[in-house]
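Numbering (our numbering), first residue to last: 541 to 1140. Virtual Cβ for every residue (Gly too), placed ideally from N, Cα, C. Since the model is a prediction, treat every value here as computed from it, not as a measurement. What follows is a set of notes on a single structure, which appears directly below.
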RNA sequence: GGACCCGUGGUGUAGCGGCCUAACAUGCGGCCCUGUCAAGGCCGAGAUCGCCGGUUCGAAUCCGGUCGGGUCCGCCA
């Protein structure tokens, strides 16, 4: 399995190898020099094994070991033996054995690394970026990258077994101005013209359905020139997937099967909600204040408007009078929150867009949970109203009720924020639970108040529900789409939809979006024409590989699961990209750099 | 475009107006040491506290700016 330099991985040696002559090669992880005897922990990507250099067994090997330092690349020949009784190391997978060196050579020395390879302690991220090749040697990154490989490999095998065909689509394609900002590539051959890097292979995979491949997938790189976040990089990887002759349920079932099998393979100790909950968008917003709810804990939001409609409390009256709602949820065991803690929560509610927060601490010792309530609103509410609120929120003595009054969807959004905060503070999320769920029935369109026009909430190729088609002309905002997200633990992992596959409906949607006829022809003419040559009904979904692996690795940013990520300012600190190019390169591309007007 | 956090020997931290001639751990170099595995013991080198300017008798410490990294809002069909 190896070449001439190496017979085994370091991490692979076990008691069964005792007695074998082996050739080992790797990096010096640690060196322990006892003057006479020297121990080396020799590391490679599969793990570590101890090498013992005894001057009596090999004076040459021992002499070389004296020169060895951290991260030297070395090669050792010797015999595997069981460690002397009492010196086994149970912390090491290879801890029952060691290699007794009979010969050794230094293949390449190393400078002392700028940070520890053998510890997973925090190192400033800019330094990790600059020396990414060293960072990737550390156990945390190595494990993440190896996990990523296993995830992608599993997906490929899973889909192959189900008749999916992996097809590559071009990276140099045509710019589509709507959506995210494109990365552009200037054309040398056509002055003034540009290719764009794909934001996703959306149209191409639909054309593959028209071509009749029926089941396509690709591990596809996608590019977006937008500002970065912990879960957003200029380029990311999607499992792009499309199927013909399917309805929404087929795709969700396939995804559920894929994720379930994947979890069993790479996270066998984890638990899931089975079957995956399928929540309509409306319900997710109403109960969790989010279209990517964290279902690891409850604390659902409830509408209390009807219960407090007659109250004298001006905060509630004003909100309800303006067509708003009063909603809230119960934070168990938080009645003892201090004034300071409550003010923190109020600040959070304000920064999320609420005008305030009403808290009700059920501190009472009385006959019912609501008999002693600490709240600014208490004196305006009758015992009946308090009873109704506590019952609907399933609140009891010792609990804290959080209420927000105002307009939808701000009320829900604010409570959604607070719910996540309380879930975090109370440690309600089971660390072994991966609460996958599908969010369905997204609205087809969203009103853009800046541009005074309708925008697709997913993309313009998404099919509306047939039963909502009549609303397209009368009340477009209420049209639901055959569009779905896969979410997990508050993270959006995938988006997909059933696509439009007939020209008239696709044209109708484009017009509703306010595209001009000539733009439709210029940008989408090829797709519309394709729909006239026997386009099958089709749909798909595209999980983000980076986010999925991040979730499985327990990391907080996708940078930790990408080999060579960029900084938040979109730079590659290792290679130094982006960089200037020569005047000659610019001339070939017919480009001139426009001088930036400097501020001040 | 905006808000906030961080920047002190190689690394990670402490110090937050004078006691700093900057502390601790680890790493690095030397010497000793034959069963360690975060090896141990002794000795040593290593920092003008990101950069520029200001306040002050005095600045790592306070203020302003700037650069770099990060988190979030906007943005991300």
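Local Cβ density within 10 Å of residue i, reported as buried at 16 or more and exposed below that
i            : result
residue 1093 : buried
residue 1133 : exposed
residue 684  : buried
residue 980  : buried
residue 784  : buried
residue 861  : exposed
residue 681  : buried
residue 984  : buried
residue 1017 : exposed
residue 1083 : buried
residue 849  : exposed
residue 677  : buried
residue 1079 : buried
residue 1044 : exposed
residue 1009 : exposed
residue 1117 : exposed
residue 793  : exposed
Within 7 Å, strictly: CB atoms of residue i and residue j
i            : j            : result
residue 978  : residue 869  : no
residue 972  : residue 811  : yes
residue 647  : residue 604  : no
residue 836  : residue 1034 : no
residue 611  : residue 653  : yes
residue 728  : residue 1129 : yes
residue 798  : residue 1081 : no
residue 1075 : residue 750  : yes
residue 722  : residue 701  : no
residue 1028 : residue 998  : no
residue 965  : residue 839  : no
residue 864  : residue 946  : yes
residue 1003 : residue 1038 : yes
residue 831  : residue 821  : yes
Cβ shell of residue i (< 8 Å), same chain only, five flanking positions each side left out
i           : result
residue 527 : With the chain covering only 541 through 1140, there is no way to say anything about residue 527.
residue 600 : 643, 644
residue 955 : 829, 841, 867, 868, 869, 942, 944
residue 562 : 547, 548, 553, 617, 618, 619, 620, 639
residue 990 : none
Beta-bridge partners of residue i, as assigned by DSSP
i            : result
residue 1117 : 1112
residue 1080 : 782, 1037
residue 638  : 621
residue 995  : 986
residue 899  : 942
residue 580  : 571, 591
residue 1161 : As shown, the chain starts at 541 and ends at 1140. That puts residue 1161 outside it, with no answer to give.
residue 564  : 616
Presumed contact (8 Å Cβ cut-off) between residue i and residue j, rounded CB distance
i            : j            : result
residue 577  : residue 566  : Not a contact, Cβ separation roughly 20 Å.
residue 1031 : residue 994  : With a Cβ gap of about 28 Å, residue 1031 and residue 994 do not count as contacting.
residue 894  : residue 855  : The pair is not a contact, with the Cβ atoms about 11 Å apart (cut-off 8 Å).
residue 1114 : residue 672  : 5 Å
residue 698  : residue 801  : 6 Å
residue 1019 : residue 1026 : Not a contact, Cβ separation roughly 22 Å.
residue 1070 : residue 632  : About 59 Å; that fails the 8 Å criterion.
residue 1040 : residue 1001 : 6 Å
residue 634  : residue 551  : 6 Å
residue 847  : residue 923  : That pair is no contact at about 12 Å.
residue 921  : residue 853  : 7 Å
Nonlocal neighbours in the same chain, by C-beta distance under 6 Å from residue i, ignoring five residues either side
i            : result
residue 743  : 1067
residue 764  : 720, 739
residue 554  : none
residue 900  : 913, 915, 941
residue 618  : 639, 640, 641, 642
residue 688  : 1089, 1101
residue 1138 : Low confidence applies here, because residue 1138 scores a pLDDT of 45, under 50, leaving its location unreliable; read the following figure in that light. Answer for residue 1138: no residue qualifies.
residue 1141 : This structure cannot speak to residue 1141, because the chain is shown only from 541 to 1140.
residue 957  : 892
residue 663  : 655
residue 986  : 995, 997
residue 597  : 640
Cβ-based neighbour list, residue i, same chain, cut-off 7 Å, excluding 5 preceding and 5 following
i            : result
residue 874  : 939, 940
residue 935  : 870, 902, 909, 941
residue 623  : 636, 637, 638
residue 758  : 706, 707, 708, 709, 741, 780
residue 660  : 678, 679, 680
residue 1121 : none
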